[in-house]
Ligand code: HEM
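Chains as they are written, first to last, in our numbering: chain V, 140 to 252; chain G, 30 to 448.
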């Protein structure tokens, strides 16, 4: 999909940003949507699914905001710990899936695309 | 940050030890050092990194001025040293990290919710909560440990914090402000400790705030959610940040005042003498606040070049206003190192000064008044019977352990003495 040069440029940009993880692309539609949400909040991209929210430049204020965005977008209540204590798209996606499965949805919330 | 002018090495003040070393505070507030600093180097430059450092102000007049003068000094780069050289992400959202005029609009509803009348309405509950913390009898107990639960007796009710969550919240609050103390520090080190505590507290309040958005309640969190800023509701993330600030502001400061006073009173039978003078209850509490000054310093950042104590502070440089040093300034207090429950006037700076003057001061004063009434009613004396242990911290001053033994008064007197 991407040429070796753009890949290389991307890795260089990530290193400049001080990221300790290599870029990993989203594997599911849910991860894809979470990546978009993070990129909008952080104004940084591309965000990989193993990247740490705080390394990406996020702070607690922004994390609290993203938690609410996730609520609105997916109509589920995920515990804030999922975002604050293991802050990657991959774990957040698991938390959203769990919440959908266990029915922790709110009335009127959307749970599907 | 602009690097400072090279410090004047000929100045006698250059022998000042590293002010950021937590062990400098191992024996409590370093009173002798501060006396020298006030006399010789009232604005002292403390390097922290090659191009980073801060000025330390130790005289009453300068400390008060730095806190009050928001035209020259900003709180938006953080008020604790861990934020030195950065901008506080909570700037503009959290009370303590927001400058006027926006600060005033954020503060008004919180101030209203915590004003004396509101706080007074909870007297009975607070008194009952205090009684539950104090054992009746002659068994020795750790007074400092008992007092760690004191701040949430009232704030826990006002914020609707479930009883079972409180011990962990208290531990996190100490992790977030005494990151160098072995009881609170994580094996990964002080930075990791701060980060972990900060994130756990934020996560806790993020869930709490969301719950209040869904199921509104008429409590302090509800008041914060109803806040408006520039005509708009504040974002819930700002409410989360203010909850964090209220918890931290209350827990680590209020809990340290009683033990500081009891320790000092225990030296010479002062407890019984003060107990016999109900007319000195209020002035004694102010003296306890001055003596303890649990938050040793608060930080400000110069918005423009400005002179303090005859020295120029460059734009962008940080100044630490050492409240605890100001509260022992011989220029402001007669016999500053004597604990005098009758001291008047007592314009101490333990609650700060100016726009950021502690918004929880009414709550703190009421709680301390009810606590000491209760202590005096329960015990004829409260003696220190073991080795006190201090919190290891540059920021927090106080005891984390103070073994005491009470000499209880007869039960009948306990209930009748102080209505
Ligand atoms: C003995 C107890 C207390 C002491 C010594 C104390 C001390 C202080 C000081 C010195 C400041 C000013 C900080 C600055 O200028 O940057 C402050 C502000 C503050 N305190 Fe307290 N505090 C105490 C109790 C409380 C309690 C019980 C609460 C919560 C109900 C609280 C919440 C706050 C908040 C939210 C601020 C920020 C106010 C603002 O920026 O407008 N404090 N406190």
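For glycine and all other residues, C-beta sits at the position ideal for the given N, C-alpha and C.
Bridge partners of residue 281 of chain G according to DSSP: none are assigned. At a cut-off of 9 Å between C-beta atoms, residue 269 of chain G counts as an interface residue with respect to chain V. It is roughly 44 Å from the alpha-carbon of residue 422 of chain G to the alpha-carbon of residue 164 of chain V.
Taking non-hydrogen atoms of the ligand HEM into account, the C-beta of residue 120 of chain G is found less than 8 Å away from none of them. Restricting attention to alpha helix (DSSP H) runs no shorter than 4 residues, the segment 77-105 of chain G encloses them at 89-97, ordered along the chain. Annotation for residue 68 of chain G: the continuous alpha helix (DSSP H) segment containing it runs 60-69. For chain G, the residues of the segment 212-238 of chain V that bring a beta carbon within less than 8 Å of one of its beta carbons are 216, 218, 219, 220, 222, 223 and 224, in chain order. When DSSP states are grouped into helix, strand and coil, residue 235 of chain G belongs to the helix group. Per DSSP, reduced to three states, the secondary structure at residue 350 of chain G is strand.
Within the segment 317-405 of chain G, complete beta strand (DSSP E) segments of at least 3 residues are found at 326-331, 335-337, 340-342 and 347-351, given in chain order. Restricting attention to G:312, G:276, G:358 and G:334, the CA atom closest to the CA of residue 101 of chain G is found in G:334. Judged by the Cβ position, residue 227 of chain V fails to qualify as a neighbour of the ligand HEM at the 8 Å threshold, every heavy atom of the ligand being at least this far.
From the listed residues G:181, G:118 and G:88, the smallest Cα separation to residue 397 of chain G is found for G:181. Taking a C-beta distance under 9 Å as the contact criterion, residue 424 of chain G and residue 109 of chain G qualify as a contact pair. As the crow flies, the alpha-carbon of residue 126 of chain G is around 40 Å from that of residue 412 of chain G. Cβ contact annotation for residue 273 of chain G (same chain, cutoff 7 Å, sequence separation greater than five): 230, 231 and 234, in chain order.
For residue 229 of chain G, the chain V residues whose Cβ falls inside 9 Å of its Cβ are 220, 223 and 224, in order along the chain.
Nearest Cα to residue 113 of chain G within the set G:130, G:251, G:321 and G:76: G:76. CA-CA distance, residue 417 of chain G to residue 304 of chain G, rounds to 23 Å. Against chain V, a Cβ distance below 9 Å from residue 274 of chain G picks out nothing, because the smallest value is about 12 Å. Taking the C-beta atoms as reference points, residue 407 of chain G is found no nearer than 9 Å to residue 434 of chain G.
For residue 199 of chain V, the enclosing alpha helix (DSSP H) covers residues 199-213.
Here residue 153 of chain V has 162 as same chain residues with Cβ atoms under 7 Å from its own Cβ, once five neighbours each way along the sequence are excluded.
Distances from the CB of residue 58 of chain G to the heavy atoms of the ligand HEM are all 8 Å or more. In the DSSP assignment, the residues bridged to residue 74 of chain G are G:84.
Between the C-alpha atoms of residue 365 of chain G and residue 348 of chain G there is a straight-line separation of about 24 Å. Listed in chain order, the positions of the segment 145-162 of chain V with a beta carbon within less than 9 Å of a beta carbon of chain G would be empty, since no residue qualifies.
Around the beta carbon of residue 80 of chain G, fewer than 16 other beta carbons lie within 10 angstroms, which makes this residue exposed. Scanning G:212, G:257 and G:302 for the CA closest to the CA of residue 368 of chain G turns up G:302. Using a 10 angstroms sphere on the CB of residue 118 of chain G, the tally of other CB atoms reaches 16 or more, which defines it as buried.
Beta-bridge analysis with DSSP links residue 410 of chain G to G:436. In the three-state scheme derived from DSSP, where H, G and I count as helix and E and B as strand, residue 170 of chain G is classed as strand. Residue 286 of chain G places its beta carbon less than 9 Å from that of residue 318 of chain G. Within the segment 111-124 of chain G, contact with chain V at the beta-carbon level (separation under 8 Å) is assigned to 118, 119 and 122.
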